[in-house]
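Report on one structure; see the data block that follows.
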Amino acid sequence: MRLRGRKGIREALETQAELIVLNPAAYKGKWKDVFGNYRPIHVELGMGKGRFISQLSSLNPEINYIGVDMYDELLRRAGEKAVQSREENGGTLANLRLALFNIEKIGDMFETDELERIYLNFSDPWPKKRHARRRLTYSAFVRKYIDILNDNGEIHFKTDSRSLFEFSLNSLADMGLRMRNISLDLHADGPRTDLVMTEYETKFYEQGMNIYRLEAVIGQAALERHLLSLERDIQENGE
């Protein structure tokens with residue numbers, strides 16, 4: 002993906018220090034200080050133009066959000082989206098940061114157990130087999146996520162690519178991870194009003210394409226809650 006940014010874009014980003022973080026590795030293990038509180042931190046890796054992370058942070062002021070992308074032009078666009086979202090929905094940008102960073106080095110940006118949730122939305126499917134290691138659900142990436150997620154950690158994954166979804170199911174299962182809320186057609190009965198849609202997701206839904214989704218349960222406390230929920234469902238249904 003190549004983006005042609007505007008002239009002087011880096012200088013423009015530097016003027017938004019309250020929202021945009023250009024040296025995120027400097028805050029590894031210190032993101033609670035950046036936000037000024039100990040609220041849970043949710044991160045979108047590969048945020049694109051930022052609609053998803055902006056809306057989500059606006060709707061959930063009790064959670065801190067970080068959108069990560071490696072392209073400064075996308076940070077610029079995401080910053081505009083964030084401001085627009087606040088103007089439309091109210092609130093402040095206090096619980097949102099946008100970071101310029103390469104996801105391949107995500108362990109240099111976050112400390113062990115620093116995050117509660119990671120979102121992977123419509124990542125590049127890298128369809129050729131020789132590029133499998135670049136997929137964001139490849140085992141080497143997932144091990145990095147596991148390290149930086151805490152006891153309540155989860156990974157929420159969405160894609161329009163059936164081949165990437167199948168690969169991801171196998172990758173996560175091979176690592177012994179528990180998955181839930183697996184969907185092969187997320188919006189089969191109409192748009193899910195309980196979930197925020199990305200730009201790509203809205204476009205694909207309008208084109209009648211299937212959206213695939215899953216949640217991987219990572220942290221021990223999250224796993225225990227999931228298993229307890231399953232037990233309650235069995236008792237209530239008498240199975």
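Here the sequence shown stands for residues 2 to 240, numbered as in the numbering used here. Each residue gets a CB set at the ideal place from its N, CA and C atoms; glycine is no exception. Nothing here was measured: the structure is a model prediction, and the numbers come from that model.
For residue i, the three-state DSSP class (helix, strand or coil)
{"i": "residue 114", "result": "coil"}
{"i": "residue 197", "result": "coil"}
{"i": "residue 215", "result": "strand"}
{"i": "residue 68", "result": "strand"}
{"i": "residue 94", "result": "coil"}
{"i": "residue 20", "result": "coil"}
{"i": "residue 40", "result": "coil"}
{"i": "residue 179", "result": "strand"}
{"i": "residue 125", "result": "coil"}
{"i": "residue 63", "result": "coil"}
{"i": "residue 209", "result": "coil"}
Element boundaries [beta strand (DSSP E), containing residue i]
{"i": "residue 157", "result": "150-160"}
Proximity to residue i [Cα-Cα], best of the options
{"i": "residue 51", "options": "174, 197, 179 and 143", "result": "197"}
{"i": "residue 119", "options": "154, 199 and 72", "result": "154"}
{"i": "residue 195", "options": "43, 160, 60 and 74", "result": "60"}
{"i": "residue 54", "options": "31, 100 and 17", "result": "100"}
{"i": "residue 105", "options": "82, 96 and 145", "result": "145"}
{"i": "residue 115", "options": "91, 180, 90 and 151", "result": "151"}
{"i": "residue 214", "options": "169, 231, 228 and 208", "result": "169"}
{"i": "residue 38", "options": "62, 234 and 17", "result": "62"}
{"i": "residue 183", "options": "94, 233, 158 and 221", "result": "158"}
{"i": "residue 19", "options": "87, 94 and 69", "result": "94"}
{"i": "residue 178", "options": "164, 14, 218 and 189", "result": "218"}
{"i": "residue 111", "options": "130, 226, 149 and 133", "result": "149"}
{"i": "residue 77", "options": "216, 236, 221 and 9", "result": "9"}
Residue i - partner residues in DSSP beta bridges
{"i": "residue 27", "result": "DSSP output for residue 27 lists no bridge partner at all."}
{"i": "residue 184", "result": "214"}
{"i": "residue 120", "result": "45 and 157"}
{"i": "residue 326", "result": "Nothing can be reported for residue 326: it is not among the residues displayed for the chain, which extend from 2 to 240."}
Sequence-distant residues of the same chain with beta carbon closer than 7 angstroms to residue i, five excluded per side
{"i": "residue 172", "result": "138, 139, 140 and 143"}
{"i": "residue 11", "result": "73"}
{"i": "residue 176", "result": "140 and 143"}
{"i": "residue 253", "result": "With the chain running from 2 to 240 in the structure shown, residue 253 is simply not present."}
{"i": "residue 109", "result": "26 and 29"}
Contacting residues, own chain, Cβ-Cβ under 8 angstroms from residue i (five flanking each side not counted)
{"i": "residue 34", "result": "28"}
{"i": "residue 135", "result": "125 and 127"}
{"i": "residue 201", "result": "49, 122, 123 and 161"}
{"i": "residue 223", "result": "152, 153, 154 and 155"}
{"i": "residue 75", "result": "4, 48, 49, 50 and 51"}
{"i": "residue 66", "result": "42, 43, 44, 45, 54, 57, 58, 96, 97 and 98"}
{"i": "residue 90", "result": "56, 59 and 60"}
{"i": "residue 193", "result": "187"}
Beta-carbon contacts of residue i that lie in its chain and below 6 angstroms, excluding the five residues immediately before and after
{"i": "residue 162", "result": "126"}
{"i": "residue 41", "result": "64 and 117"}
{"i": "residue 71", "result": "103"}
{"i": "residue 22", "result": "98 and 100"}
Terminal residues of the alpha helix (DSSP H) in which residue i lies
{"i": "residue 235", "result": "221-238"}
{"i": "residue 54", "result": "52-60"}
{"i": "residue 175", "result": "163-175"}
{"i": "residue 131", "result": "First-last for residue 131: undefined, no H or E at that position."}
{"i": "residue 136", "result": "That residue, residue 136, is in no alpha helix (DSSP H); it is neither H nor E in DSSP."}
{"i": "residue 189", "result": "Unbroken run through residue 189: none, as it is neither H nor E."}
{"i": "residue 15", "result": "10-15"}
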